[in-house]
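Inspection log for the structure reproduced underneath, given as structure tokens.
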Amino acid sequence: MLLERDGVDPDKPDEYDQTPLSCAAWNGYEGVVKILLRRDDVHPNKPDKGGRTPLSLAAGDGHEGVMKILLEWDDVDPDKPDGQGRTPLRWATLSGHDGVVKMLLRRDDVSPAKRRKLG
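Residue numbers for the sequence shown follow the numbering used here, so the first one is 55 and each next one is one higher.
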């Protein structure tokens with residue numbers, strides 16, 4: 055209902071630069087992710103202040119359903135590092151989410167050898 059109102063920006067970040075899509079991905083809300091991605095004014099690869107994208111947030115919390123939805127979008131970089139050089143694969147590995155790790159390793163555009171740049 056909110057998305058139908060004039061003046062509502064579905065891609066407006068909060069004080070941490072997290073968008074509604076970021077929050078939905080982080081919390082595993084697949085239905086909300088699908089609704090937001092149908093809009094032209096939502097950017098699926100938009101990072102927050104820490105450089106984490108919606109995909110990275112979903113990977114770190116093991117939300118395989120959200121990962122599958124996001125990985126279908128051309129605008130989503132599955133190997134994009136955050137501000138500390140951690141990729142979605144790294145977040146999934148650190149958090150012990152085997153299903154997400156396997157999902158990412160099946161892709162040609164994810165490099166398991168990508169090294170973190172220290173700063």
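We treat Cβ as the ideally placed atom computed from N, Cα and C, and that holds for glycine.
Report buried or exposed for Pro132, applying the criterion of at least 16 other Cβ atoms within 10 angstroms of its Cβ. What you label residue 132 is simply residue 78 of the sequence shown in a count that begins at 1. Under a 10 Å Cβ-count criterion, Pro132 is classified as buried, with 16 or more other Cβ atoms of the shown protein chains found around its own Cβ.
Rounded separation between Glu69 and Asp63 - CA only: Within the sequence shown, residue 69 is the residue found at index 15, counting from 1. Within the sequence shown, residue 63 is the residue found at index 9, counting from 1. Going by C-alpha positions, Glu69 is about 15 Å away from Asp63.
Classify Val96 as helix, strand or coil using the three-state DSSP reduction. Locating residue 96 in the sequence shown gives position 42, counting from the first residue. Val96 falls in the coil class under three-state DSSP.
So what's Trp127 in DSSP terms, helix, strand or just coil? Within the sequence shown, residue 127 is the residue found at index 73, counting from 1. Correct three-state label for Trp127: coil.
Thinking C-alpha only, which one of Asp95, Lys103, Leu125, Asp94 is nearest Leu109? By one-based count along the sequence shown, residue 109 stands at place 55. Among Asp95, Lys103, Leu125, Asp94, the Cα nearest to that of Leu109 belongs to Leu125.
Nearest candidate by alpha-carbon position, reference Met121, set Asp136, Leu158, Val86, Lys134: Looking up residue 121 in the sequence shown gives position 67. Answer by Cα proximity: Leu158.
Under a Cβ-count criterion, where at least 16 other Cβ atoms within 10 Å of its own Cβ denotes burial, should Gly173 be classed as buried or exposed? Residue 173 sits at position 119 when you count from the first residue of the sequence shown. With a pLDDT of only 43 at Gly173, under 50, the local geometry of the prediction cannot be trusted, and no value is derived from it.
Terminal residues of the alpha helix (DSSP H) in which Arg160 lies: Here residue 160 refers to the residue found at position 106 when the sequence shown is read from its first residue. From DSSP, Arg160 is part of no alpha helix (DSSP H); its letter is neither H nor E.
Can you tell me where the alpha helix (DSSP H) holding Ala146 begins and where it ends? Numbered from 1 along the sequence shown, position 92 holds the residue referred to as residue 146. For Ala146, the enclosing alpha helix (DSSP H) stretches over residues 142 to 149.
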